[in-house]
Every structure is written in structure tokens, then in C-alpha cells.
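Worksheet: one structure, shown below.
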Amino acid sequence: MRFEGKTLFVTGGGSGIAAAVSRRFAAEGGRVAVLDFDGDRARSVAGELEGAIGIEADVADEKAVCDAVSEVHERFGRIDCLYTAAGHFDAAPIEEWDLERWNRMMAVHAGGTFLVCRHVVPLMRDQGSGSIVNTASTASFIAQTNIAGYGAAKGAILSFSRQLALEAGPEIRVNAIVPGPVRTALTAPLYAARGSGDYKKGEEMSAQSTILKRVASPEEIAAPICFLLSDEASIITGTSIVADGGQIAF
């Protein structure tokens, strides 16, 4: 019961890794506010968890973020933990991108992470403690075909998390999680494209890029995230945990 009496605010919580984090946090005694661009999905996940709430918001919209953070704080009285995972996937050769497409990628991933942290950090400072985990990717480290925009956005999150750790410390810890291949709705189009329309083939190809030769489940990534959010990681800040099956080592 590591999270008894604590509140988690999670973005992108309607599916994938963030939904798995929400479930694990609640199972270990915590209260959860689930935010997602798709309000129905947010409320569906929240409906599984005792005392949880679901909120619809676009993390690239500052007013929506500010309103959501205020709602969570008013409802629970504090925000002890923040996990930012809201994002989308978009892949194409760079010559097919325009500035609007690039800016949307940066606005949702890097901008959304910034905005949520921007409005949560002052509340954590006031209460004297907090733990934040942001979502990067192995695309922050290794080049992959046709994902320059996604890799750039995730690289920005990794760097931002280190900078924020310095600025927010010592009361607030800030770290990043760096997943490799994971089985989620976000990665499904990538695996399908990689397999020329065959999702299973594409997933198997992705698995071969790792030492463990398999794609992770969301629950496997939720485990190190919840460790970083918990007091067990009380000495850890300004760094990242790579949970990739050995992809960047391979």
C-alpha cells in the first residue's frame, strides 16, 4: 500500500501505460484523477477505481489544463504524484510533414508535458513534496525510420525533465520513463505499418530489436513508473529509467 493517502494526477490515462499506472496506483491505496483527450475513456478507467475521477481535456490547451488541475486539487485537496503520458503517434518521411503537423507533435508531447508540470509544480511546492514522472521514449536515443517528429518531441521531454528536476528540487522529484516497444493503442499503427498492414508481423519485427525478443505489456512499464512515483525512490531525481527490453543496448 505504497500510495495510501496519496493522489495521482495522470494524463493520457484513458488507455495504455497510463491506464495501467492508474490501476496499480489505486490498487496500492491511492486516489487517481484520470485525464484524457477522450473523456469517455477517462471516465471508463476512473469508473474501475474506487474514488477516482475522469476528466476530458487536451493537454495542448493551457486553459483546459489549468481547469483540470484546479478541479483535481479542489476534489482531493492535494496532488502528490503526477504522471504525464498524453500523446499521439505520427510517422512519415520528413518531406511529407508541414509545420502545422510538426507543431502539433511538439505541442501535445513537449508542450502538454510542460503545461501540466507548470500548473502542478506550484501546488506541490505549497504542500512541500511531490513526485513527477514524464514519458520519453527510446526514440529519444536511437534513430528509427520516419519518426523524426516523434523522436524530437520525446527528446525534448527527456531534457525538460532533467531541467525541471533542478528547478523543482529539493521538495519535488522529477524523473522520466523511457519505454521501448510496448503493446498499446498508440503503437498499434506503427506495428501495422512496419508489418505492411500485418499487425502481428510488425510487432514481431519490433520485438526483434530488443535483447528480450518481445514487446512489453503496459503493466510491465507501469511497475518502474510506480516505483519512481513512490517513496521507495526517495533519492532518485533528475534521471530516467529505460524499460525497453534491452533495445538501446542491442
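Read left to right, the sequence shown gives residues 0 to 249 (numbering that gives the first Met the number 0). From the three backbone atoms N, C-alpha and C, an ideal C-beta is built for every residue, glycine too.
Contiguous beta strand (DSSP E) elements confined to the region 6–78 occur at 6–10, 30–35 and 52–55, taking only those with 3 or more residues. Boundaries of the alpha helix (DSSP H) harbouring SER158: 147–167, taken from the DSSP string. Non-local C-beta neighbours of PHE249 in its own chain, meaning closer than 8 Å and more than five positions away in sequence, comprise SER208, THR209 and ILE210, ordered along the chain.
GLU203 and ALA184 have their alpha carbons spaced roughly 16 Å apart. Taken in chain order, no unbroken stretch of beta strand (DSSP E) lies wholly in the region 95–131 with a span of 3 residues or more. For the options GLN246, CYS116, ILE235 and ALA221, the alpha carbon positioned closest to that of ALA26 is the one of ALA221. Judged by pairs of C-beta atoms under 8 Å, the region 187–197 does not touch the region 120–135, as fewer than three such pairs exist.
Collapsing the DSSP output to three states places LEU227 in a helix. Residue nearest to ASP60 within the set GLU95, SER195 and HIS118 is HIS118 (criterion: CA-CA distance). Pairing PRO180 with ASP243, the inter-Cα distance amounts to about 6 Å. When C-beta atoms of the region 21–35 are compared with those of the region 130–145, fewer than three pairs fall below 8 Å, so the two segments do not count as touching. For ARG172, there is no enclosing alpha helix (DSSP H); the enclosing beta strand (DSSP E) has its first and last residue at 171–178. When DSSP states are grouped into helix, strand and coil, SER216 belongs to the coil group. In the three-state DSSP reduction, ILE247 falls in the coil class, being neither helix nor strand. When DSSP reads this structure, LEU81 sits in a beta bridge with PHE8 and ILE131. For ALA242, the enclosing beta strand (DSSP E) begins and ends at 239–242. For ARG213, the closest of GLN246, GLY76 and GLY38 by C-alpha to C-alpha distance is GLN246. PRO169 sits exposed, since fewer than 16 C-beta atoms from the chains shown fall within 10 Å of its C-beta. Residue environment for ASP230: exposed (fewer than 16 other C-beta atoms within 10 angstroms of its C-beta). In this structure, VAL20 is the residue among VAL20, PHE159, GLY201 and GLY150 with its C-alpha nearest to the C-alpha of LEU81. ALA18 and THR10 do not touch by the CB rule: their CB atoms are close to 11 Å apart, not below 8 Å.
8 Å or more divides the Cβ of VAL71 from the Cβ of ALA51.
PRO178 places its beta carbon 8 Å or farther from that of SER233.
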